[in-house]
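Since the structure comes first, as structure tokens, the remarks are kept for the end.
Residue numbers (the numbering used here): 2 to 214.
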């Protein structure tokens with residue numbers, strides 16, 4: 002995965018609470034096994050009218066938010082069923098950062114596995130960002146992961162908390178396999194030690210047991 006250190010991007014506000022994973026990637030699209038292409042169907046039922054015509058009333062279809070890479074959301078974002086397709090859609094659409102007061106646990110965990118930073122801020126700070134995004138067209142934020150700050154060009158700055166292990170995963174661009182490979186030497190040493198001390202048993206006498214003994 003691409004390492005994450007700092008990111009500056011246009012903010013798109015999704016002013017809805019309890020956005021669940023079925024609203025993010027509807028169930029009819031879950032048969033796909035690759036991560037590519039889910040950006041087109043992110044928030045499918047909200048983004049499109051019948052015939053896949055863009056819904057002009059949905060925020061991500063507003064011209065002012067085209068190219069947004071920071072998603073501003075409300076509480077309990079990513080709730081609902083467990084599906085990694087949801088962060089696939091978020092990432093493939095182009096979002097590198099989500100900012101919300103709270104997340105569903107499984108979705109939150111899956112974000113880190115896909116190189117997305119789900120930053121958590123208090124509700125009053127999130128509300129401040131919603132107001133600024135609404136007032137200023139082209140409103141952007143700079144997210145600094147090493148310093149754990151979110152800032153705009155006007156001097157506003159918020160601090161966010163993140164577990165050190167989560168922070169390291171993003172800074173180094175590690176997925177689950179990459180994290181395991183960091184311990185490759187220890188794993189190899191264990192396997193060699195285990196092989197030298199393991200007790201070897203003869204194969205089971207299938208004929209013996211097949212006779213009911």
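Where is the CB? At the ideal position from N, CA and C, for every residue including glycine. Bear in mind that the values here come from a model prediction, so they are computed numbers and not experimental data.
When beta bridges are read from the DSSP output, residue 11 appears opposite 141. DSSP lists 80 as the beta-bridge partner residues of residue 21. Residue 4 is not bridged by DSSP to any residue. Looking only at 134, 139, 97, the smallest Cα-Cα distance to residue 5 is reached by 97. With a 10 Å radius around the Cβ and a threshold of 16 neighbouring Cβ atoms, residue 32 comes out exposed. Measuring C-alpha to C-alpha distances from residue 15 to each of 34, 43, 39, 30 identifies 43 as the nearest. Check the Cα spacing between residue 77 and each of 120, 94, 12, 175: the tightest is with 120. Residue 101 places its beta carbon 9 Å or farther from that of residue 80. Shortest Cα-Cα distance from residue 107 to any of 82, 125, 130, 52 involves 82. In this structure, residue 68 and residue 92 do not form a Cβ contact; the two beta carbons are roughly 15 Å apart against a cut-off of 8 Å. Within the DSSP bridge table, the entry for residue 71 names 12, 98 as partners.
The distance from the Cβ of residue 55 to that of residue 48 is about 7 Å, consistent with a contact at the 8 Å cut-off.
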